[in-house]
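> One structure is given below, represented as structure tokens, and several questions about it will come after.
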Amino acid sequence: MSALGHLAGGGPVAEAAPLKRRKTLPYLLLLPGLLWLTFFFVIPAVQLFATSLYDPSGSLETGYAMTWQFSNYSDAIGEYAGHFLRSLGYALLTTAFSLLLGYPLAYAIALKGGRFKNILLICVIAPFFTSFLIRTLAWKVILSDGGPVVSVLNWLHVPLPDGRLLATAPAVVAGLVYNFLPFMVLPLYASLEKLDPRLLEAASDLYARPVSRFTRVALPLSMPGVVAGTLLTFIPAAGDYINAQLLGTTRQYMIGNVIQSKFLRIGDYPSAAALSFVLMAGILVLVTVYVRRAGTEEVL
Amino acid sequence: MPDLPPSRPASAARTRPDSDLHLVGVSKTFGSFTAVDDLNLTVPQGSFFALLGASGCGKTTTLRMVAGLEEPTAGRVLLGEDDVTRLRPYKRPVNTVFQSYALFPHLNIFDNVAFGLRRRGERDLKGQVERMLKLVELDGFGSRRPAQLSGGQQQRVALARALINQPQVLLLDEPLGALDLKLRRQMQVELKRIQTEVGITFVHVTHDQEEAMTMADTVAVMNAGHIEQLGAPTVMYEFPETAFVANFLGQSNLLPVEVDGPDGEDIAVRGAAGRFALPRTRCRVTSGPAFLGVRPEKLHLAATPDAVPAGHQSLGGIVTDSSYMGVSTQYLVRIPTGDELTVFAPNSGVAAPLAVASEVVMYWRPTHAFLLARTAGP
């Protein structure tokens, strides 16, 4: 009620209102987001955590009993360590390739784009106009055995394992890179756009050749973008299952595929929840270490 | 240009036979706009050279071509005998103090200053950096970040960062522009002191005529891509070559006149305001339409024509405006032709202030006047 009174702003307390409003306004602005997170993240997360400790012998039909089954975790890790490692490896490769492709792209758009900047940026996000699933299905066609990529590679006599691209690890990583590249490019662009070209001139003036001008000035100053871009690529890539499912085989399955099949097909909720939590915790630890190491606050 | 004795102290960074900076027929066009038009210039080694002009006159473009940040459309840039016209900036023995300082925000002051030495692979730089920080009075600031320093301190870091490389030529692009007036005056003295100490050629770009005159041995006034006049500040001020220079360096009262011809050692001129004469040595032209110029502080005021001392020339008028400026009072005096002349009267307490609308007589020594060519318009 008092919140509404402040928003209305009038009434007998009008004189005291501005100062008071200034104090309460930030909280009011936080409220919708906090409510959303509470209902759709915190409560489900607690629920998920509880699920991960249920007795795995139960089922959806018979119901689950809370038995504080911490062995769910050791079982999950023991059985699916390979999937975790593969997810980590694919996500790291995806992040590395996205950075290698995305940095020059973002650099070119930000510093050389001129009046085409906006058009080029729209081109970067244009794939989002189509659904994730459709785009990945399209890659299935592109990488298919008789498809254009395989034909060109055959013509160039590039050896392929079993003569195919589809259903291989490179195909899955290629799909991941394609799907997450914009998440790398946009934050990189945002930080490179702020890079003062006069600093690059100053570096040249102070005997920095193009390579050291990049490594000593442009790259350190764009580190916030590199950190944001790698996080935005790595985190969703580590949990992805669509690319592995459509472009790979069970031998390329990532932890996301396991979780998805346990939740939706097998109906083994406790171990699916335990796997989800292990994934979440693992990413959290990696990201914390990475952000500490990258020391973004130093750059800002 | 006048043959300046290069001030080259013993501590001069490099002593090459000829390390003067030469610009030979340099032009730079951006699309259809000509920023610099066939510029010829020689800056003697060890001199403090100021390029003075309004914004857009091509002075910064000239500087950037010397730095290598801009490639001339035509002409050559020479350092001594070396043609550096097409040399990349990182290969030139030239460093710049940028207008916005362009300090690297991610490096501390020490690393900013050491940047150039490190890029050239120098190892033992700690002592050099510390000496340089001492020179600009920033010893002990090495571990701070640029953002933690004031504008004046950042300016000195930018100077140290460029100077430590002992360039053949140091370029300064409006380095004091962002400072407040008091700090600017202080830094002018400081810069001059440092230049004398290190003996490196300084090319200083500025739009502030007072700054140029205070610091530089030689001033070049630029206008629309070319140099209007070049010389020692006193010569430029006392005897300007063009009406542009007369008005850009300080203020001038310019009266349109026609040259009558020689009259002994003098040149006689005639205009709507009357007949005047001035020594031949004070004339840039001796025929045709001209401007008779007198600086406002060279005009003196008398109440009546009788009070004008002998040997002076005079012109009567009415005071239309008076502004008190502390050290002097600035009067606007309208003469019968309708032109208004500016007079700076020192507030030395000798003469009583004049009221607006009072009749006065302005007088000046003929040797203080100068005669310039008048090409078009009044």
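Chains A and B are the protein sequences, given in the same order.
Residue numbers for the first sequence follow this note's numbering, beginning at 5 and rising by one.
Residue numbers for the second sequence follow this note's numbering, beginning at 8 and rising by one.
By construction, the Cβ of each residue, glycine as well, lies at the ideal position given by its N, Cα and C atoms.
Look at the alpha carbon of residue 351/B and the alpha carbon of residue 364/B, and state the distance between them as a whole number of angstroms.
Working through the second sequence from its first residue, we reach residue 351/B at position 344. Working through the second sequence from its first residue, we reach residue 364/B at position 357. Residue 351/B and residue 364/B: Cα-Cα distance of roughly 17 Å.
> Taking 8 Å as the cut-off, does the region 111-119 of chain B touch the region 77-97 of chain B (at least 3 CB pairs, one atom from each stretch)?
no
> Near residue 183/A, what residues of its chain come up, given a Cβ to Cβ distance below 6 Å and the 5 sequence neighbours on each side ignored?
Locating residue 183/A in the first sequence gives position 179, where the first residue counts as 1. Answer for residue 183/A: no residue qualifies.
> Round the Cβ separation of residue 291/B and residue 231/B to the nearest angstrom and send it over; I've been treating them as touching at under 8 Å.
In the second sequence, the residue the question calls residue 291/B occupies position 284. In the second sequence, the residue the question calls residue 231/B occupies position 224. Rounded, the Cβ-Cβ distance is 20 Å, inconsistent with contact.
> Kindly indicate which residue of 332/B, 355/B, 288/B and 284/B has the alpha-carbon position closest to the one of residue 320/B.
The residue you call residue 320/B lines up with position 313 of the second sequence. Ranking the options by Cα distance to residue 320/B, first place goes to 284/B.
> Suppose only complete runs of 4+ residues qualify. What are the alpha helix (DSSP H) ranges in the region 79-150 of chain A, listed by chain order?
121-129 and 136-146
> Count the other CB atoms, across all protein chains shown, that sit within 10 Å of the CB of residue 314/B; report buried if there are 16 or more and exposed otherwise.
Numbered from its first residue, the second sequence carries residue 314/B at position 307. The residue in question, residue 314/B, is exposed, as its Cβ has fewer than 16 Cβ neighbours within 10 Å.
> Tell me the rounded alpha-carbon separation between residue 279/B and residue 46/B.
Working through the second sequence from its first residue, we reach residue 279/B at position 272. Working through the second sequence from its first residue, we reach residue 46/B at position 39. The straight-line gap from Cα to Cα measures roughly 38 Å.
> Would you call the CB atoms of residue 153/B and residue 104/B closer than 8 Å?
For the purposes of this step, residue 153/B is taken as residue 146 along the second sequence, with counting starting at 1. For the purposes of this step, residue 104/B is taken as residue 97 along the second sequence, with counting starting at 1. For residue 153/B and residue 104/B, no; Cβs fall outside 8 Å.
> Can you round the beta-carbon distance between residue 44/B and residue 233/B to whole angstroms, since I take them to be within the 8 Å contact cut?
Position 37 of the second sequence, counting from 1, holds the residue named residue 44/B. Position 226 of the second sequence, counting from 1, holds the residue named residue 233/B. Confirmed, about 5 Å.
> Output needed for residue 268/B: all residues of its chain with C-beta closer than 7 Å, excluding positions within five of it in sequence on either side, in chain order.
Reading the second sequence from its first residue, position 261 is the one you call residue 268/B. Excluding positions up to five away in sequence, the list reads 275.
> Quick one: which chain B residues come within Cβ less than 7 Å of residue 206/A?
The residue you call residue 206/A lines up with position 202 of the first sequence. Chain B residues near residue 206/A: 105 and 109.
> Going by CA-CA distance only, name the one from 255/B, 369/B and 196/B that's closest to residue 304/B.
For the purposes of this step, residue 304/B is taken as residue 297 along the second sequence, with counting starting at 1. Considering only alpha carbons, the answer is 369/B.
> Mind checking whether residue 140/A and residue 179/A have CB atoms under 8 Å apart?
As a first step, residue 140/A must be located in the first sequence, where it is residue number 136. As a first step, residue 179/A must be located in the first sequence, where it is residue number 175. For residue 140/A and residue 179/A, yes; Cβs fall inside 8 Å.
> Under a Cβ-count criterion, where at least 16 other Cβ atoms within 10 Å of its own Cβ denotes burial, should residue 172/A be classed as buried or exposed?
Here residue 172/A is taken as the residue at index 168 of the first sequence, counted from 1. Label assigned to residue 172/A: buried.
> Can you tell which of 240/B, 136/B, 59/B and 96/B has the C-alpha that lies nearest to the C-alpha of residue 228/B?
In the second sequence, the residue the question calls residue 228/B occupies position 221. Ranking the options by Cα distance to residue 228/B, first place goes to 59/B.
> Measuring alpha carbon to alpha carbon, tell me which residue in 224/A, 227/A, 285/A and 211/A is nearest residue 243/A.
Here residue 243/A refers to the residue found at position 239 of the first sequence. Of the listed residues, the one whose Cα sits closest to residue 243/A is 285/A.
> Taking residue 102/B as the query, report the chain A residues whose CB atoms sit under 8 Å from its CB, ordered along the chain.
Walking along the second sequence from the start, residue 102/B turns up at place 95. Neighbours of residue 102/B on chain A, chain order: 209 and 210.
> Identify the residues that DSSP records as bridge partners of residue 70/A: which are they?
In the first sequence, the residue the question calls residue 70/A occupies position 66. DSSP lists 58/A as partners of residue 70/A.
> Would you call the region 202-222 of chain A and the region 93-101 of chain B touching, i.e. three or more CB-CB distances under 8 Å?
yes
> Determine, using beta-carbon pairs with one atom in the region 249-256 of chain A and one in the region 44-63 of chain A, whether at least three such pairs fall under 8 Å.
no
> Please decide whether residue 76/B counts as near chain A, where near means a Cβ-Cβ distance under 8 Å.
What you label residue 76/B is simply residue 69 of the second sequence in a count that begins at 1. Using beta-carbon distances, residue 76/B counts as an interface residue toward chain A, with a partner under 8 Å.
> Which residues bound the alpha helix (DSSP H) around residue 3/A?
Outside the modelled stretch of chain A, which goes from 5 to 304, sits residue 3/A, for which no answer is possible.
> Shorter than 8 Å from the beta carbon of residue 122/B to some beta carbon of chain A?
Position 115 of the second sequence, counted from the first residue, corresponds to residue 122/B. Judged by the 8 Å Cβ criterion, residue 122/B is in contact with chain A.
> Can you check whether the CB of residue 109/B is closer than 8 Å to the CB of residue 68/B?
Taking the first residue of the second sequence as 1, we reach residue 68/B at position 61. Taking the first residue of the second sequence as 1, we reach residue 109/B at position 102. No, they are not a contact pair.
> Find the residues of chain B that neighbour residue 221/A, judging by a C-beta separation of less than 7 Å, and give them in chain order.
Looking up residue 221/A in the first sequence gives position 217. Within chain B, the residues near residue 221/A are 111.
> Just to confirm my understanding: we take residue 250/A, look at its own chain, exclude 5 residues before and 5 after, and list those with CB closer than 6 Å. What are they?
Here residue 250/A corresponds to residue number 246 of the first sequence, with the count starting at 1. Excluding residues up to 5 positions away in sequence, 140 and 144 lie with their Cβ nearer than 6 Å to the Cβ of residue 250/A in the same chain.
> Considering residue 234/B, what are the terminal residues of the beta strand (DSSP E) in which it resides?
Looking up residue 234/B in the second sequence gives position 227. Looking at the DSSP string, the run of the beta strand (DSSP E) that includes residue 234/B is 233-238.
> Residue 93/B CB to nearest chain A CB: under 8 Å?
Here the question's residue 93/B lines up with position 86 in the second sequence. No - not a single Cβ of chain A is within 8 Å of the one on residue 93/B.
> For residue 129/B, count the other beta carbons within 10 Å of its own beta carbon; 16 or more makes it buried, fewer makes it exposed. Which is it?
Within the second sequence, residue 129/B is the residue found at index 122, counting from 1. Result: exposed.
> Which of helix, strand or coil does DSSP assign to residue 316/B?
The count along the second sequence starts at 1 and reaches residue 316/B at position 309. Residue state, collapsed to three classes: coil.
> Taking just the CA atoms, how far does residue 181/A sit from residue 152/A?
The residue you call residue 152/A lines up with position 148 of the first sequence. The residue you call residue 181/A lines up with position 177 of the first sequence. So the two alpha carbons sit approximately 19 Å from each other.
> Looking at chain A, is there any beta carbon in it that lies within less than 8 Å of the beta carbon of residue 331/B?
Indexing the second sequence from 1 puts residue 331/B at position 324. Chain A, which has no Cβ nearer than 8 Å to the Cβ of residue 331/B, makes this no.
> Please check if any C-beta of chain B sits within less than 8 Å of the C-beta of residue 224/A.
On the first sequence, position 220 is the one that residue 224/A refers to. Cβ-Cβ to chain B under 8 Å: yes for residue 224/A.
> Can the beta-carbon of residue 281/A be found less than 8 Å from the beta-carbon of residue 99/A?
Within the first sequence, residue 281/A is the residue found at index 277, counting from 1. Within the first sequence, residue 99/A is the residue found at index 95, counting from 1. The Cβ atoms of residue 281/A and residue 99/A lie no closer than 8 Å to each other.
> Could you check the C-alpha separation between residue 112/B and residue 54/B for me, to the nearest Å?
Along the second sequence, one-based indexing puts residue 112/B at 105. Along the second sequence, one-based indexing puts residue 54/B at 47. Rounded to whole angstroms, residue 112/B to residue 54/B spans 32 Å at the Cα level.
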